[in-house]
Structure formats: structure tokens, C-alpha cells
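Single-structure report; data block below.
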Amino acid sequence: MTKVLVIGANGQLGSELTAELRRLHGEDRVIASDVRKNNGHSDQRFELLDATDKKALFDIITKEQITDIYHLAAILSAKGESDPLFAWDLNMNSLLHVLELAREGHIQKIYWPSSIAVFGPDTPKVNTPQRTIMNPNTVYGISKLAGEKWCEYYHQKFGVDVRSLRYPGLIGYKAKPGGGTTDYAVDIFFKAADNQHFKCFLGAHSMLPMMYMDDAIRATVELMTADPDLILVRNSYNVGAMSFTPSDIYREVVKFAPEFTISYAPDFRQAIADSWPQIVDDAPARKDWGWKEAYNLERMVEEIMHQLSKRAKK
Ligand code: AKB
């Protein structure tokens with residue numbers, strides 16, 4: 414029977430994915446873990462875990478008889494640039510520990526997220542193919558690209574069932590991201606909901622691929638529950654949903670908050686955004702395991718603004 418460990422469960426993706434995995438497998442069959450306790454609510458099935466501590470990870474896996482790991486802990490693109498060696502250590506060594514534990518037969522299945530950050534300035538920006546030039550120039554991108562290669566290697570050499578998606582920017586309203594280049598597209602909603610001016614750290618016309626959190630969670634679950642024979646890509650799948658610029662999302666948000674204002678003050682994150690694709694081609698994900706997004710920009714903005722205004726009225 415499946416028993417899951419989520420590493421990095423307090424993060425933007427982790428908090429929502431943990432809730433969905435508990436809905437699917439049952440509360441008791443999903444252990445949340447993170448390097449810090451979640452402020453506030455108490456979680457009976459939570460373990461404090463430093464993802465770089467292989468012994469601590471091994472102890473939890475054996476104690477809880479874990480079968481599947483969702484390893485989400487990572488330092489993202491913008492934050493990684495302030496301490497590259499720390500980002501490399503966390504992003505890389507924690508993945509190698511999980512892969513080794515699977516090779517040694519302690520766990521059966523791994524999910525590990527990659528990112529559009531694996532691409533670089535000389536990658537084709539429009540309809541970026543699954544297989545193309547990849548020369549990332551952030552430490553986060555380098556660690557994700559190396560991680561993809563390790564996942565593929567462990568699958569080919571040792572038969573480890575590891576699956577991965579190259580997430581675009583993930584947009585949700587339940588938990589905030591930290592340290593990413595696409596985070597502006599989450600922050601904008603909170604400023605609009607609080608009726609505050611929004612100073613965007615990317616330029617108005619900087620287009621990036623993005624995805625609503627509900628779609629990201631569904632893509633992850635669909636990939637992880639697909640027949641292993643359908644998973645033909647064992648480094649990481651491109652997955653797309655929508656692409657927009659700061660001025661596109663502002664135009665949608667202002668429909669629900671007519672007083673809301675924006676200005677643009679690009680900082681170091683602009684160069685990171687400029688090195689990434691604008692639109693990804695995710696044909697293999699659609700063909701192999703049936704990926705299809707449900708949310709476009711308009712539908713996502715409507716949903717988030719609706720949820721935030723409901724929350725404000727409580
Ligand atoms: C980031 O901006 O660093 C992340 C990502 C695209 O992986 N959201």
C-alpha cells in the first residue's frame with residue numbers, strides 16, 4: 414500500500430500537493446516534512462527534516478515504511494544567486510540521497526520537480542521543444558539540469574521509477590512562493606486584493622510560461638499515477654498551460670480591482686527571465702500520458718480574485 418513522504422511540504426507547491434495527496438491516499442498515509450515547522454496549525458503527520466541529512470531521511474523512511482517520495486525542497490532561481498554553493502548543495506545532494514535510497518530498495522517511486530530554468534539564453538524561446546539546447550546560467554537551472562540527468566541515469570542504470578515535470582511559474586493564492594523569478598505573478602494578486610500599488614520587478618513585456626496551481630497539482634498526480642510504460646521521458650517533461658507578460662496579467666487583474674495600479678522596476682531577475690523560454694512545447698506530455706491544462710489566464714485570474722475576495726469577507 415502506498416505511503417508517501419513529502420519533502421518540502423511547507424512550500425508553495427508542497428502545502429497544496431500534501432493536501433491533495435492526503436485526500437487521495439488518506440491523512441495517515443502522507444507524512445509531511447520540512448526543515449521548519451509550519452507556523453500555526455499542528456500536523457500530527459509532520460516530521461522536521463533537513464533534506465541534506467541522508468541518515469535522518471533514512472530513519473523516517475524506515476520508521477514510516479514510506480513507498481513514495483515527493484521531493485520538493487529546493488532553493489529557487491533568484492534566491493539561489495545569492496548563495497550559489499548552498500543552493501547547489503541543497504538542490505543536488507538531497508536529490509542524490511533520495512535516488513540512492515530508491516536504488517538500495519528502500520522506496521519504490523520518486524517525484525522530483527524540474528523547471529523551465531533548465532533552459533538558457535540560447536534555447537529557442539517560442540515553442541521550446543522537449544529536447545533542445547540547454548545552457549542554463551543560474552545555479553538553480555544548472556542544478557535542475559544536472560538533477561534531470563541524474564534521474565534519467567538512475568532510471569536507465571538501476572530501474573528507479575523517478576518521474577519529473579519541468580514546471581513553468583506556478584501561480585496560487587493559498588501559499589506564497591519564495592525566491593523565484595516568476596513570483597511577481599503571485600505577489601500581484603495580494604497587492605490587488607489589499608488595494609496597494611504594485612511595483613513589478615520584471616519589465617511590462619517580459620513573457621514567461623505559467624500555470625495555475627490546480628493544474629500543476631493535477632499534472633503531478635496524473636504523471637505519478639500513469640502506467641510506468643507510458644512515461645517515455647525520464648529526465649523531465651515540458652508542461653505548458655499559458656504564457657503572459659506582467660502587463661497581460663495586470664490587464665486581467667484590474668478588471669476585478671479597478672483602482673489597482675502597477676509600475677515597472679526591473680532588477681537582476683530580469684536577466685533570469687530573459688534567459689528562459691516564453692512558450693514551451695509540451696507535445697510529449699500530451700501524447701504520452703494525456704496532459705491537458707484546464708486554466709488559461711482569464712479563468713485563473715477570475716478564480717484567484719474571487720477566492721481572495723471571499724477570504725477578505727470572512
Ligand atoms: C522560479 O521562478 O525560480 C521558479 C521556477 C520557474 O522554477 N518559479
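Per this note's numbering, the very first residue in the sequence shown carries number 414; after that it's consecutive.
We put the beta carbon where it would ideally sit given N, CA and C, even for glycine.
For the ligand AKB, no non-hydrogen atom lies closer than 7 Å to the CB of Tyr677.
Linking His610 to Tyr677 through their CA atoms gives a straight-line distance of about 11 Å.
Taking all protein chains shown into account, Pro526 has 16 or more neighbouring C-beta atoms within 10 Å of its C-beta and is therefore buried. When secondary structure is reduced to three states using DSSP, Val552 falls in the helix class.
Nearest Cα to Thr465 within the set Trp501, Ala432 and Thr431: Trp501. A straight line joining the alpha-carbon of Ala598 with that of Ala725 spans about 20 Å. Residue environment analysis places Leu461 among the exposed positions, since fewer than 16 neighbouring C-beta atoms fall within 10 angstroms of its C-beta. The continuous stretches of alpha helix (DSSP H) do not include Val531, and DSSP gives it neither H nor E. Within the same chain, Arg647 and Asn648 come within 8 Å of Glu565 by CB-CB distance, once the 5 residues on both sides are set aside.
Gly582 has its CB nearer than 7 Å to a heavy atom of the ligand AKB. Taking the Cα of Thr415 as reference, the smallest distance to any Cα among Asp456, Gln478 and Gly424 is reached at Gln478. The three-state secondary structure of Gly591, taken from DSSP, is coil. In the three-state scheme derived from DSSP, where H, G and I count as helix and E and B as strand, His438 is classed as helix. Met718 and Asp695 have their alpha carbons spaced roughly 28 Å apart.
According to the DSSP assignment, Arg576 belongs to the beta strand (DSSP E) that extends over Asp574 to Arg576. If only complete runs of 3 or more residues are kept, the segment 608-656 shows the beta strand (DSSP E) at 611-613 and 621-625, in order along the chain. With a cutoff of 7 Å, Thr633 does not count as near the ligand AKB, since its C-beta is closer than that to no heavy atom of the ligand.
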